[in-house]
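Colleague: Numbering (our numbering), first residue to last: 9 to 379. Idealized CB from N, CA, C, for every residue including glycine. Predicted model, so just to flag it, every value in this text is computed and none were measured.
Rendered as structure tokens:
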């Protein structure tokens, strides 16, 4: 016990010494960092991170009023850059992508939990390019995606049936529908009609993933030396399901089956990325749509009239009807504008130092766009 305490004290002393030397020896520059709150000695702005229970986007939006569209803070020497302007976010993340396409090192979510190979955590190197190339081969155009239209239409019918049987559980039905579509498209797995364990497990995983990807929430992400052994490895079940079906010639067309067949690779973390990116955002979009219709009954009435005129109330609409439903298409676009499903995307990191509007952006800074 005494040895463990002594080791911990020595480790902490070494870390603090390294931190102080880094601050003292780093080259000075005439350009300041973007404005931000004054921090504590050594700890920096650790008290200025979003408190528990507060939405990140709402917390960082207060920085816009206090410091303008570009602000900064530092936690244990790790600089954070906050962008609160859509045009500035596009300028940096799109127009200067070579500088801002890096990703922070999420030690907790990566090596400790096992998400280090997920597409959204890749640095802009060979693996990232290979992931994107693989996905593009089977999901890059309307023609390649059209094969999955039937999946969405079938799951829409199942969703409507569940809503009719239990309208009070709308949120659960939406989660089930979104999870079912993504699981079928990605894995070729058709969930049970009601409660499905894989949908539930995937939903829990998405919540956990969103939590561990919050910058600065876990000390080990700022001080990687705090890493300890972790029990990971629960992501192989769905991949094995697809491989088994392919061996037995009973598989259904899915992203994973096409990738294994056409690419000859096992892109396990690529399809995990597709599920994480697809199901959660779909749930948020559908919930926002239902909320918008409840708050705007007149618009709902006009949308229903457009739908009735097209189908004569004799059938359900299909993907082929999209161009014939301009009013409903406009509603969906406005819904996304009204309540974006991801006002803060995954954080980026700078691959080299940059200058923005007279401010210095250090290499390795965590960049968060709040748009």
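From what residue to what residue does the beta strand (DSSP E) around residue 204 run?
Modeller: Mapped onto the chain shown, residue 204 falls at position 196. First-last for residue 204: undefined, no H or E at that position.
Colleague: Please classify residue 185 as buried or exposed, where buried requires at least 16 neighbouring CB atoms within 10 angstroms.
Modeller: Here residue 185 corresponds to residue number 177 of the chain shown, with the count starting at 1. Residue 185 is buried by the Cβ-count criterion.
Colleague: Helix, strand or coil: how does DSSP classify residue 377 here?
Modeller: The residue labelled residue 377 in the question sits at position 369 within the chain shown. Correct three-state label for residue 377: strand.
Colleague: Which of the three DSSP states is assigned to residue 354 in this structure?
Modeller: Taking the chain shown and counting its residues from 1, the one referred to as residue 354 is at position 346. Coil, per DSSP.
Colleague: Going by beta carbon distance, what residues of the same chain come within less than 6 Å of residue 68, once the five residues before and after it are set aside?
Modeller: In the chain shown, the residue the question calls residue 68 occupies position 60. Here the set comprises 90 and 378.
Colleague: Distance, Cα to Cα, residue 294 vs residue 39?
Modeller: Walking along the chain shown from the start, residue 294 turns up at place 286. Walking along the chain shown from the start, residue 39 turns up at place 31. Roughly 46 Å separates the two Cα atoms.
Colleague: Would you check if there are 3 or more beta carbon pairs closer than 8 Å linking the segment 96–115 to the segment 50–70?
Modeller: They do not touch, by the three-pair rule.
Colleague: So which of 305, 369 and 300 has the shortest CA-CA distance to residue 341?
Modeller: Taking the chain shown and counting its residues from 1, one reaches residue 341 at position 333. Looking at the Cα atoms, 300 is the closest of the given residues.
Colleague: Determine the direct distance from the alpha carbon of residue 115 to that of residue 220, and round the result to whole angstroms.
Modeller: Residue mapping note: residue 220 aligns to position 212 of the chain shown, counting from 1. Residue mapping note: residue 115 aligns to position 107 of the chain shown, counting from 1. Distance between the alpha carbons of residue 220 and residue 115: 10 Å.
Colleague: Check this for me: beta carbons of residue 192 and residue 156, under 9 Å apart or not?
Modeller: Translated into positions along the chain shown, residue 192 becomes position 184. Translated into positions along the chain shown, residue 156 becomes position 148. Yes, Cβ-Cβ distance for residue 192 and residue 156 is below 9 Å.
Colleague: Between residue 336 and residue 315, is the Cβ-Cβ spacing less than 9 Å?
Modeller: Within the chain shown, the letter at position 328 stands for residue 336. Within the chain shown, the letter at position 307 stands for residue 315. Against a cut-off of 9 Å, the Cβ pair of residue 315 and residue 336 comes out as a contact.
Colleague: With 16 as the cutoff for other CB atoms within 10 Å, does residue 374 come out buried or exposed?
Modeller: Indexing the chain shown from 1 puts residue 374 at position 366. With 16 or more Cβ atoms within 10 Å of its Cβ, residue 374 is classed as buried.
Colleague: Cutting at 8 Å between CB atoms, please list the residues of its own chain near residue 318, excluding the five before and the five after it.
Modeller: Locating residue 318 in the chain shown gives position 310, where the first residue counts as 1. Correct list, in chain order: 325, 329, 332 and 333.
Colleague: So, with DSSP's three-state summary, where would you put residue 88?
Modeller: By one-based count along the chain shown, residue 88 stands at place 80. In the structure shown, residue 88 sits in a strand (DSSP, three-state: E or B).
Colleague: Can you tell me where the alpha helix (DSSP H) with residue 315 in it begins and where it stops?
Modeller: Translated into the one-based positions of the chain shown, residue 315 becomes position 307. 305–319 is the span of the alpha helix (DSSP H), which, as asked, contains residue 315.
Colleague: Check this for me: beta carbons of residue 327 and residue 154, under 9 Å apart or not?
Modeller: Here residue 327 refers to the residue found at position 319 of the chain shown. Here residue 154 refers to the residue found at position 146 of the chain shown. Their beta carbons are under 9 Å apart, which means residue 327 touches residue 154 by this criterion.
Colleague: Given this structure, state the Cα-to-Cα distance separating residue 55 from residue 370, to the nearest angstrom.
Modeller: Counted from its first residue, the chain shown places residue 55 at position 47. Counted from its first residue, the chain shown places residue 370 at position 362. So the alpha carbons of these two residues sit roughly 22 Å apart.
Colleague: Might you give, ordered along the chain, the residues of its own chain that have their beta carbon closer than 6 Å to the beta carbon of residue 362, omitting 5 neighbours on each side?
Modeller: Indexing the chain shown from 1 puts residue 362 at position 354. So the list reads 107 and 369, once near-sequence residues are dropped.
Colleague: Nearest-angstrom Cα distance between residue 79 and residue 161?
Modeller: Looking up residue 79 in the chain shown gives position 71. Looking up residue 161 in the chain shown gives position 153. Taking the straight line joining both Cα atoms gives about 45 Å.
Colleague: In three-state terms, what does DSSP make of residue 365?
Modeller: Here residue 365 corresponds to residue number 357 of the chain shown, with the count starting at 1. Coil.
Colleague: Using the three-state DSSP reduction, which class does residue 360 fall into: helix, strand or coil?
Modeller: By 1-based counting over the chain shown, the position of residue 360 is 352. Three-state result, residue 360: coil.
Colleague: Residue 83 bridges to which residues according to DSSP?
Modeller: Here residue 83 refers to the residue found at position 75 when the chain shown is read from its first residue. Residue 83 is bridged to 52 and 86.
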